[in-house]
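Undergrad: Those letters in the sequence shown? Residues 53 to 608, per this note's numbering, in order.
This is the structure I want to talk about, given as structure tokens.
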Amino acid sequence: MNLFREDPNLAFILKQYLDGELYAWAEQELNEFGERCGTDIDRRAAHTDREGQPRLIKYDKFGDDISEVWVNEGYRQTIAETYNRGIVGYVHKEIPELGRKGGYMYSYAQGYLLSQAEPGFYCPVTLTMATAYLLDQYAEEGVKQKFLPHVVSTGETELFEGATFLTERQGGSDVGANEVKALLNGERYKLYGEKYFASNAGMCGVAMVLARREGAPEGTKGLSLFAVPWRKEDGSVNGLQLRRLKDKLGVRAVPSGEVVFEGADAYLVGDPTKGFYYMMEALNLSRVCNAIASIGIMQRAFLEAKKYAYKRNAFGKRLADFPMVKETLADMAVKQEVEASAIFSIIPLFERVMLKKEQMSTDDVAMNRLLIALLKMETAEQAIHFAHEAIEMHGGNGYIEDFVTPRLLRDAQVLTVWEGTANILGLEVLRLIHKYNVHHAFTKRMREEMKALPEQWRNQKAVIEQGIRQLEGAVAILARESNDIQTFHCKRVARLMTKIYESVIALKDAVIGGERKQIIADIYLRNAWEGKEVDLEMLQVRYFDVLMNEGVQVGT
């Protein structure tokens, strides 16, 4: 498959956000990358998952601890092929053919295609994106010049993949409990302690690490950010060891391990009192990547289910000829397209907040955090649901590792955990309501968006308005209740906000996308707000061929 040409919705989305020159260049690049993702990168991903998983080479032949990670040759080819196309580099430097940057929109379009074939490898890409951002935004010039050209390499110099090491054994999500120490040694620091879940360990050229300097206060306010090279300039390991690699359920392409610092050279990045703040900015970047990976898995699961249903015969008919199968596939198409549009719709605000923080209003900053939290939660859970639906469509074959469907489910499961579980994200929404009254900015924006929509959608807008009033009432009631009651309901509030936001996105797409997008909006809102006790209209069946985009492809 060419994953770009299989997905006209991606082109529909990108045309809304990229100008003509950048879109023309991106379309050709994504067409080529989509073909690679649907063929060689996909085959390499299957090999890595089944037979070629990363392995720790702990000692050399002399018994010295070298803490190296072996990866198969196909995986290394995917590394070079992906980074050389600028998935990280063209966020921070100019595209040679255009003399301008590609930005996050283009990068996330690449990540979306990559995640359909190898969501495990998109984790190291994400970490490298976060590392590049932190170095570019906050490192002093000497540190930036030492590492950034390698982190954003597109083949002209040695590539340094990145990593962000936060998690410690005693802390987990409670980062304020971190204990790794940073001791000043001349102009540099030495790090001591361990990170318990360090993804891309052994593969990264430089890791961004939170550590506590001598005399720093407890909690997150005492954490500083450091750039830590994996190796010294002579090639030896930089005062650290990789204790072991984690035996994970899925995303086996990314080596996640336990890293012990034993006097590793480290370079302070930015204001030493703002390390946690910097890392939380990188966390928001990673959460968007997480959502991109989720909608990528959703799209691949839908494609696999669709193609199998068209090919498989049962009881004298194709699976795709049965009404209940048509409903499943149509609902998958509808939800995936709306969810993808929703994710890409937040990237312009995300990019402005990340790159122009001082110029952004408090409402914009809070809204950025809110929308990222909402959609990260929703897309991660939907990725699991879609993988399950694809397995069920295949029946027994869907449970067999010869098919991609088991890997999709295994890889999807981590997305609910990485960068914040649903509970953590629900608490984030509650904090934003308490600190910034973000619900007021949210409801105001949703009403403004609906006001701009044509009158023909008045019935659908009335449904959403009812949801907004329900949200306002729920927040008002909870404001008078105890913290226990508020935290008990915070995920429900978050899910209601998500349903409102995606409903508005569906209507906006319907205005510019023609009849098919109008059908999608109608089905989405019915599914989201009305339930399906008795549905005699069966829009999913009536418009099935239209929703399946039969005969429609994009690209040349």
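Cβ coordinates follow ideal geometry from the N, Cα and C atoms, glycine included.
Values in this document were obtained by computation on a predicted structure and should not be read as measured data.
Quick check on the DSSP output: the beta strand (DSSP E) that includes Pro281 runs from which residue to which?
TA: Here residue 281 refers to the residue found at position 229 when the sequence shown is read from its first residue. Element bounds for Pro281: 275-281.
Undergrad: Between Lys298, Asp299, Leu599, which lies nearest to Val386 when the distance is taken from Cα to Cα?
TA: Working through the sequence shown from its first residue, we reach residue 386 at position 334. Cα-wise, what sits closest to Val386 is Leu599.
Undergrad: Report the option in Ala504, Leu166, Ala474 whose CA atom is closest to the CA atom of Thr431.
TA: If you number the sequence shown from 1, residue 431 lands on position 379. When only C-alpha atoms are compared, the closest one is Ala474.
Undergrad: Are Pro148 and Val123 close, meaning C-beta to C-beta below 8 Å?
TA: In the sequence shown, the residue the question calls residue 148 occupies position 96. In the sequence shown, the residue the question calls residue 123 occupies position 71. It is not a contact, given that the beta carbons lie outside the stated cut-off.
Undergrad: Can you tell me which of the three DSSP states Ala191 falls into?
TA: Translated into the one-based positions of the sequence shown, residue 191 becomes position 139. Ala191 falls in the coil class under three-state DSSP.
Undergrad: Could you give the first and the last residue of the continuous beta strand (DSSP E) run that contains Lys110?
TA: Counting from 1 along the sequence shown, the entry for residue 110 is found at position 58. Here the beta strand (DSSP E) through Lys110 covers 107-111.
Undergrad: Quickly, what does DSSP pair Gly214 with across the bridge? List them, please.
TA: Residue numbering aside, residue 214 sits at position 162 when the sequence shown is read from its first letter. Val258, per the DSSP bridge assignment.
Undergrad: Would the beta-carbon of Leu530 fall within 8 Å of that of Ile537?
TA: To locate residue 530, count along the sequence shown from 1; it is residue 478. To locate residue 537, count along the sequence shown from 1; it is residue 485. Their beta carbons are under 8 Å apart, which means Leu530 touches Ile537 by this criterion.
Undergrad: Skipping 5 residues on each side, what residues in its chain have a beta carbon closer than 6 Å to that of Glu480?
TA: Indexing the sequence shown from 1 puts residue 480 at position 428. The residues are Ala425.
Undergrad: Taking the C-alpha atoms as reference points, what is the distance between Glu501 and Trp509?
TA: Position 449 of the sequence shown holds residue 501. Position 457 of the sequence shown holds residue 509. Cα to Cα, the separation comes out at about 12 Å.
Undergrad: Below 8 Å between beta carbons: does that hold for Lys543 and Gly478?
TA: In the sequence shown, residue 543 corresponds to position 491, counting from 1. In the sequence shown, residue 478 corresponds to position 426, counting from 1. Yes; because the gap between Cβ atoms is below 8 Å, this pair is in contact.
Undergrad: Rank Gly327, Gln465, Glu84 by C-alpha distance to the C-alpha of Lys300 and give the top, closest one.
TA: As a first step, residue 300 must be located in the sequence shown, where it is residue number 248. Taking only the C-alpha atoms, the option nearest Lys300 is Gln465.
Undergrad: Round the Cβ separation of Ser205 and Tyr142 to the nearest angstrom and send it over; I've been treating them as touching at under 8 Å.
TA: By one-based count along the sequence shown, residue 205 stands at place 153. By one-based count along the sequence shown, residue 142 stands at place 90. With 8 Å as the limit, Ser205 and Tyr142 do not qualify as a contact, their Cβ atoms being about 11 Å apart.
Undergrad: Any idea if Thr216 is buried or exposed, counting beta-carbon neighbours within 10 angstroms, 16 or more meaning buried?
TA: On the sequence shown, residue 216 is found 164 positions in, with the first residue counted as 1. Per the 10 Å Cβ criterion, buried.
Undergrad: In this structure, does DSSP put Thr608 in helix, strand or coil?
TA: Within the sequence shown, numbered from 1, the residue matching residue 608 stands at position 556. Legend: pLDDT at Thr608 = 47, less than 50; position of this residue unreliable, value from coordinates given subsequently. Here Thr608 sits in coil by DSSP.
Undergrad: What did DSSP end up calling Met590 once you bin it into helix, strand or coil?
TA: Translated into positions along the sequence shown, residue 590 becomes position 538. Three-state DSSP puts Met590 in coil, outside helix and strand.
Undergrad: Please report the straight-line C-alpha distance between Met406 and Arg304, rounded to a whole angstrom.
TA: Position 354 of the sequence shown, counted from the start, is the residue given in the question as residue 406. Position 252 of the sequence shown, counted from the start, is the residue given in the question as residue 304. The straight-line gap from Cα to Cα measures roughly 30 Å.
Undergrad: Under 8 Å, do Leu277 and Val321 count as touching if we go by C-beta distance?
TA: One-based indexing of the sequence shown puts residue 277 at position 225. One-based indexing of the sequence shown puts residue 321 at position 269. Yes; because the gap between Cβ atoms is below 8 Å, this pair is in contact.
Undergrad: Mind checking whether Val227 and Leu218 have CB atoms under 8 Å apart?
TA: Here residue 227 refers to the residue found at position 175 when the sequence shown is read from its first residue. Here residue 218 refers to the residue found at position 166 when the sequence shown is read from its first residue. Yes.
Undergrad: How many Å lie between Tyr576 and Arg264 at the Cα?
TA: In the sequence shown, the residue the question calls residue 576 occupies position 524. In the sequence shown, the residue the question calls residue 264 occupies position 212. Approximately 48 Å, taken between the alpha carbons.
Undergrad: Start and end of the alpha helix (DSSP H) containing Ile537?
TA: In the sequence shown, counting from the first residue as 1, residue 537 sits at position 485. That run of the alpha helix (DSSP H) goes 535-581.
Undergrad: Under 6 Å Cβ to Cβ from Ala97, same chain only, skipping five residues before and after it: list those, please.
TA: Numbered from its first residue, the sequence shown carries residue 97 at position 45. Counting only Cβ-Cβ distances below 6 Å, and skipping sequence neighbours, we find Ala169, Glu170.
Undergrad: Where does Leu505 sit, in a helix, a strand or coil, going by DSSP?
TA: Sequence index remark: in the sequence shown, residue 505 carries index 453 (1-based). Note: Leu505 maps to coil in three-state DSSP.
Undergrad: Can Phe85 and Gln162 be called in contact, C-beta distance under 8 Å?
TA: Along the sequence shown, one-based indexing puts residue 85 at 33. Along the sequence shown, one-based indexing puts residue 162 at 110. Yes; because the gap between Cβ atoms is below 8 Å, this pair is in contact.
Undergrad: How about Ala259 and Val280: are their beta carbons less than 8 Å apart?
TA: As a first step, residue 259 must be located in the sequence shown, where it is residue number 207. As a first step, residue 280 must be located in the sequence shown, where it is residue number 228. Contact flag set, yes.
Undergrad: Determine the direct distance from the alpha carbon of Gly115 to that of Lys67, and round the result to whole angstroms.
TA: The sequence position of residue 67 within the sequence shown is 15, counting from 1. The sequence position of residue 115 within the sequence shown is 63, counting from 1. One C-alpha to the other measures close to 57 Å.
Undergrad: Using the Cα positions of Pro348 and Met181, report the straight-line distance between them to the nearest angstrom.
TA: Here residue 348 refers to the residue found at position 296 of the sequence shown. Here residue 181 refers to the residue found at position 129 of the sequence shown. Residue identity check: residue 348 is Gly in the sequence provided, not Pro. Each residue's alpha carbon lies about 18 Å from the other.
Undergrad: Would you say Leu427 and Ile476 are within 8 Å of each other, going by their C-beta atoms?
TA: Taking the first residue of the sequence shown as 1, we reach residue 427 at position 375. Taking the first residue of the sequence shown as 1, we reach residue 476 at position 424. No, the Cβ-Cβ distance between Leu427 and Ile476 is not below 8 Å.
Undergrad: Between which two residues does the alpha helix (DSSP H) containing Asp71 stretch?
TA: Mapped onto the sequence shown, residue 71 falls at position 19. Taken as a continuous stretch (DSSP letters only), Asp71 belongs to no alpha helix (DSSP H), as it is neither H nor E.
Undergrad: How should Ser167 be labelled, buried or exposed, when 16 other C-beta atoms within 10 angstroms of its C-beta is the threshold for buried?
TA: Counting from 1 along the sequence shown, the entry for residue 167 is found at position 115. Buried, because 16 or more other Cβ atoms sit within 10 Å of the Cβ of Ser167.
Undergrad: So is Lys569 buried or exposed if we call it buried at 16+ other beta carbons inside 10 Å?
TA: Start at 1 with the first residue of the sequence shown, and residue 569 comes out as number 517. Buried, since its Cβ has 16 or more Cβ neighbours within 10 Å.
Undergrad: Can we say the region 321-330 touches the region 283-298, given the rule of at least three CB pairs closer than 8 Å?
TA: No, they do not touch.
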